[in-house]
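Inspection log for the structure reproduced underneath, given as structure tokens.
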Amino acid sequence: DAAVTQKPRYLIKMKGQEAEMKCIPEKGHTAVFWYQQKQSKELKFLIYFQNQQPLDQIDMVKERFSAVCPSSSLCSLGIRTCEAEDSALYLCSSSQPGTEDAEQFFGPGTRLTVL
Amino acid sequence: GDSVTQTEGQVALSEEDFLTIHCNYSASGYPALFWYVQYPGEGPQFLFRASRDKEKGSSRGFEATYDKGTTSFHLRKASVQESDSAVYYCALSSSGSWQLIFGSGTQLTVMP
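Protein chains in written order, with our numbering: chain A, 1 to 115; chain B, 116 to 227.
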């Protein structure tokens, strides 16, 4: 079955280390999103790509994260210097080209723990 | 900014009970409204959406009606099952924006 894939599923880093997580969107999907979810609470939007170009992102991402989609089949989200507050589930989603009310398909997430 | 409010953090029901989870939103114009469901260890799954006033979305026995007058999109199901136990999220996407703004989620627990 088509699905959004995320790797790794679990990531443990020490404070100050760099972290990187990857996302393979569903084939044919041109919009890719990253969200942060802390303690199974609400999802917080981080960044949005359309056709591999970043079109919208929050200030925290600009300041401390690095995010790229080098191809239509791979995106990555990195944290330059991990802090304890970055411990969270990072969810990637993708959607088909079309309107902004298109359904988003989510991967299982990468759970980052910063010690 | 735009926002979504879910008043119930947790709901506990018995099988065959009627379910209502309240969702109210704050946004200009006509945002698209969504319900997603998240099971343990998984990402959220799309349930359904509505994009216009009075439009009803539905899936798997769940339904909600877009009400611009009361800025609401309440989730309802006539008879819940144990397998419906999960976290339910109401979300919106504003006109001209692709990102989803999520509510805080409602943990539904259905006892056999």
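The beta-carbon is built from N, C-alpha and C at its ideal position, and this holds for glycine as well.
Listed along the chain, the chain A residues whose CB falls inside 7 Å of the CB of E157/B are P108. Here the alpha carbons of P70/A and Q6/A stand approximately 16 Å from one another. Under the 10 Å beta carbon count, A193/B is surrounded by fewer than 16 other beta carbons and is classified as exposed.
When DSSP assignments are scanned along the stretch 16 to 50 of chain A, the uninterrupted stretches of beta strand (DSSP E) that are 3 or more residues long and fall wholly within it turn out to be 19 to 24, 31 to 37, 43 to 50. Bridge pairing for W150/B: F163/B, C205/B [DSSP]. When secondary structure is reduced to three states using DSSP, D117/B falls in the coil class, being assigned neither helix nor strand.
Looking at the DSSP output, G78/A sits in a beta bridge with E20/A, S66/A.
The Cβ-Cβ distance between H29/A and S95/A falls below 8 Å.
The Cβ atoms of R191/B and A179/B sit closer than 8 Å to each other.
Going by C-alpha positions, Q37/A is about 16 Å away from A201/B.
Counting the other Cβ atoms within 10 Å of the Cβ of Q17/A gives fewer than 16, which makes it exposed.
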